[in-house]
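In what follows, a structure is listed as structure tokens, so that the remarks can point back to it.
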Ligand SMILES: [Zn+2]
């Protein structure tokens with residue numbers, strides 16, 4: 127006996143009846159088809175050293191224009207002090223002040239571990255003294271994450287700290303921008319059940335170009351347009367997610383950028399005044415860890431004549447904007463430059479500069495004739511040029527809404543709220559709820 131195949135209309139009736147029954151069952155239990163929320167993926171991008179002035183100078187930035195029109199934006203993302211990279215990458219990812227996550231600058235000393243970054247291990251999360259990166263908090267709550275080129279994606283004792291990380295290598299050996307962009311877009315289209323719902327990408331532009339070309343230089347403008355194109359590709363990928371999924375893009379930076387002038391040579395100052403200390407200098411700050419017997423009071427005294435260029439602060443009396451705490455990594459004396467002055471340690475000079483006596487005979491403050499910076503960052507976070515750009519776009523955020531100001535510590539809790547997860551433990555920031563869709 128053969129079974130007669132059901133006709134098209136017969137099948138349609140069966141399917142309709144089944145759907146009706148399913149809807150009736152769902153309704154009985156209080157569910158409606160519309161209430162099944164789309165599963166959300168959040169893509170978080172950090173473009174290094176991206177100030178509003180760089181964006182304005184680049185002019186043609188159609189994707190950032192669209193982010194502003196269709197999403198949330200700010201020209202005042204306020205970084206942690208010193209307003210430089212690694213301290214703020216860590217503040218961005220953890221939502222903690224430096225005194226709680228432990229990365230106090232690009233260069234500092236730990237009494238047990240030695241000098242931070244010396245072994246190219248600045249990306250090792252074992253340097254953190256507390257707080258969780260957003261991917262650690264997400265994984266702990268069962269959400270897979272993928273992290274590309276960010277510091278803190280791996281630990282030398284715990285291995286990778288997210289389901290997908292790239293690369294599993296030292297901080298400076300990063301994958302190319304094209305590679306991580308292609309990998310991230312592939313993951314956005316991944317239909318497997320364990321696809322990541324948090325994807326974090328780090329790009330070293332426009333910072334690396336702006337330092338040597340100035341805030342409004344032609345090459346800096348070009349770098350910003352490249353960054354705009356990267357953003358456009360991620361927006362397109364988020365607009366074509368597999369069915370049942372929705373996406374949000376969060377774009378931030380670690381600090382702003384401003385054009386600078388003469389340089390402060392810490393090596394020469396140490397030589398001139400016979401300062402007995404270890405120094406760790408980067409950008410606009412010098413951390414001095416005094417040798418036994420050296421006097422903080424004496425140093426403040428001899429350096430007080432340079433008030434036009436920098437100011438020395440003694441441990442325990444740092445300015446209120448410095449959330450560095452009083453732990454063992456905090457220097458005895460911190461020199462803080464005032465714009466347009468910037469600071470370097472003796473290790474940055476090539477052999478020929480030292481042969482010319484830069485650290486022994488030259489004036490401690492001068493404008494370098496080669497290898498100098500045109501623009502930098504690191505100053506007091508109250509200085510507007512240190513502020514960075516910030517955008518959110520897509521699912522769960524308002525449209526055409528300006529955030530007047532937010533702190534770097536607020537990004538982590540905002541991302542976690544977009545994912546429907548709790549912030550890392552502990553956390554100092556608060557979610558920017560005013561920017562989220564009701
Ligand atoms: Zn940076």
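Residue numbers (this note's numbering): 127 to 564.
Quick reminder that beta carbons are idealized off the backbone N, C-alpha and C, glycines included.
These numbers were taken from a predicted model, which means no experiment stands behind them.
Nearer than 7 Å: is that true of the beta carbon of residue 211 relative to any heavy atom of ligand 1? Counting from 1 along the chain shown, the entry for residue 211 is found at position 85. True, at least one ligand heavy atom lies under 7 Å from that Cβ.
Three-state class that DSSP yields for residue 490 in the structure shown
Counted from its first residue, the chain shown places residue 490 at position 364. If DSSP states are grouped into helix, strand and coil, residue 490 belongs with coil.
Task: One or two residues paired with residue 391 in a DSSP bridge - done: Within the chain shown, residue 391 is the residue found at index 265, counting from 1. The partner list for residue 391 (beta bridge, DSSP) reads 470.
Given that a residue counts as buried once 16 or more other Cβ atoms are within 10 Å of its Cβ, and exposed if not, what is residue 230? Against the chain shown, residue 230 aligns to sequence position 104. Buried is the call here.
- Task: Assign residue 224 to one of two classes, buried (16 or more other C-beta atoms within 10 Å of its C-beta) or exposed (fewer than that).
- Result: Indexing the chain shown from 1 puts residue 224 at position 98. Residue 224 is buried by the Cβ-count criterion.
Could you check whether the Cβ of residue 191 sits closer than 7 Å to any heavy atom belonging to ligand 1? In the chain shown, counting from the first residue as 1, residue 191 sits at position 65. No, ligand 1 has no heavy atom inside 7 Å of this Cβ.
| task | Examine the Cβ distances between the stretch 173-185 and the stretch 330-345 and report whether three or more of them are shorter than 8 Å. | result | yes
Residue burial classification, residue 199 (beta-carbon count within 10 angstroms, cutoff 16): In the chain shown, the residue the question calls residue 199 occupies position 73. Residue 199 comes out buried.
Fill in: Beta-carbon proximity list for residue 482, same chain, < 6 Å, skipping 5 on both sides
As a working mapping, residue 482 is identified with position 356 in the chain shown. Correct list: empty, nothing qualifies.
Does the pairing of the stretch 393-412 with the stretch 458-478 give three or more beta-carbon distances under 8 Å? yes
Notebook entry, point to check: Is it true that the CB of residue 289 sits closer than 8 Å to the CB of residue 272?
Noted result: In the chain shown, counting from the first residue as 1, residue 272 sits at position 146. In the chain shown, counting from the first residue as 1, residue 289 sits at position 163. Their beta carbons are under 8 Å apart, which means residue 272 touches residue 289 by this criterion.
Between which two residues does the alpha helix (DSSP H) holding residue 538 run?
The residue given as residue 538 occupies position 412 in the chain shown. Here the alpha helix (DSSP H) through residue 538 covers 537-544.
- Count the other CB atoms within 10 Å of the CB of residue 433; is the residue buried (16 or more) or exposed (fewer)? Here residue 433 refers to the residue found at position 307 when the chain shown is read from its first residue. Exposed, since its Cβ has fewer than 16 Cβ neighbours within 10 Å.
Original post:
Which whole-angstrom value is the C-beta distance of residue 168 and residue 541, which I expect to be below 8 Å?
Top reply: Residue 168 sits at position 42 when you count from the first residue of the chain shown. Residue 541 sits at position 415 when you count from the first residue of the chain shown. The pair is a contact, with the Cβ atoms about 6 Å apart (cut-off 8 Å).
Taking the alpha carbon of residue 285 as the reference point, which residue from 314, 238 and 252 has its own alpha carbon closest?
As a first step, residue 285 must be located in the chain shown, where it is residue number 159. The shortest Cα separation from residue 285 among 314, 238 and 252 belongs to 252.
Tell me whether the stretch 347-366 and the stretch 455-462 touch, counting them as touching only if at least three CB pairs, one residue from each stretch, are closer than 8 Å. no
Unbroken stretches of the beta strand (DSSP E), 3 residues or longer, contained in the stretch 429-476 = 436-440, 459-463 and 468-470
Using the C-alpha atoms, what's the distance from residue 436 back to residue 509?
Position 383 of the chain shown, counted from the first residue, corresponds to residue 509. Position 310 of the chain shown, counted from the first residue, corresponds to residue 436. Between residue 509 and residue 436, the C-alpha separation is close to 15 Å.
Checking the sheet assignment: what are the DSSP bridge partners for residue 280?
As a working mapping, residue 280 is identified with position 154 in the chain shown. Its beta-bridge partners are 250 and 286.
| query | Does the Cβ of residue 175 lie closer than 7 Å to at least one heavy atom of ligand 1? | reply | Locating residue 175 in the chain shown gives position 49, where the first residue counts as 1. Indeed, a heavy atom of ligand 1 lies less than 7 Å from the Cβ.
Can you list, in chain order, the residues of its chain whose CB lies under 7 Å from that of residue 397, leaving out five sequence neighbours each side? On the chain shown, position 271 is the one that residue 397 refers to. Result list for residue 397: 485 and 486, in chain order.
Using CA atoms only, rank isn't needed, just tell me which of 503, 192 and 321 is closest to residue 367.
Along the chain shown, one-based indexing puts residue 367 at 241. The candidate whose alpha carbon is nearest that of residue 367 is 321.
Use the C-beta contact count for residue 258: other C-beta atoms within 10 angstroms, 16 or more gives buried, fewer gives exposed.
-> Position 132 of the chain shown holds residue 258. Flag for residue 258 reads buried.
>> With three or more beta-carbon pairs closer than 8 Å as the criterion, would you say the stretch 547-559 touches the stretch 414-431?
In response: no
Touch check for the stretch 369-376 and the stretch 496-515: three-plus C-beta pairs under 8 Å?
no
### Euclidean distance between Cα positions of residue 148 and residue 318
Translated into positions along the chain shown, residue 148 becomes position 22. Translated into positions along the chain shown, residue 318 becomes position 192. Note that residue 148 has pLDDT 42, beneath the 50 cutoff, so the model's placement of it is unreliable and the number below is only indicative. Rounded to the nearest angstrom, the two C-alpha atoms are 26 Å apart.
Is the CB-CB distance between residue 212 and residue 263 below 8 Å?
Translated into the one-based positions of the chain shown, residue 212 becomes position 86. Translated into the one-based positions of the chain shown, residue 263 becomes position 137. For residue 212 and residue 263, no; Cβs fall outside 8 Å.
Proximal residues to residue 448 (C-beta, below 6 Å), its chain only, five neighbours per side dropped: Locating residue 448 in the chain shown gives position 322, counting from the first residue. If we look at residue 448 and ignore the five residues flanking it on each side, its Cβ neighbours are 207.
- Message: Among the candidates 190, 202 and 185, whose CA atom is the shortest distance from the CA of residue 529?
- Response: As a working note, residue 529 is residue 403 in the chain shown. Out of 190, 202 and 185, 202 has the C-alpha closest to the C-alpha of residue 529.
- [ ] Tell me whether residue 533 is buried or exposed, calling it buried when 16 or more other Cβ atoms sit within 10 Å of its Cβ.
- [x] By 1-based counting over the chain shown, the position of residue 533 is 407. Buried, since its Cβ has 16 or more Cβ neighbours within 10 Å.
**Item:** Neighbourhood of residue 195 by C-beta distance below 7 Å, restricted to the same chain and skipping five residues each side
**Value:** As a first step, residue 195 must be located in the chain shown, where it is residue number 69. Cβ neighbours of residue 195 beyond the five flanking positions: 526.
> On the three-state DSSP scale, how would you describe residue 366?
Replying inline: Position 240 of the chain shown, counted from the start, is the residue given in the question as residue 366. Three-state result, residue 366: coil.
For residue 563 and residue 190, I'd like the C-alpha separation in whole angstroms. Mapped onto the chain shown, residue 563 falls at position 437. Mapped onto the chain shown, residue 190 falls at position 64. Going by the C-alpha atoms only, they are around 20 Å apart.
In whole angstroms, what separates the C-alpha of residue 459 from that of residue 438? Counting from 1 along the chain shown, the entry for residue 459 is found at position 333. Counting from 1 along the chain shown, the entry for residue 438 is found at position 312. C-alpha separation (whole angstroms): 6 Å.
Review point. For ligand 1, any of its heavy atoms closer than 7 Å to the Cβ of residue 380?
Key: Indexing the chain shown from 1 puts residue 380 at position 254. Answer for residue 380: yes, Cβ within range of ligand 1.
I want to check one thing, is the minimum distance from the CB of residue 333 to the heavy atoms of ligand 1 below 7 Å?
Against the chain shown, residue 333 aligns to sequence position 207. Result yes, Cβ under 7 Å from ligand 1.
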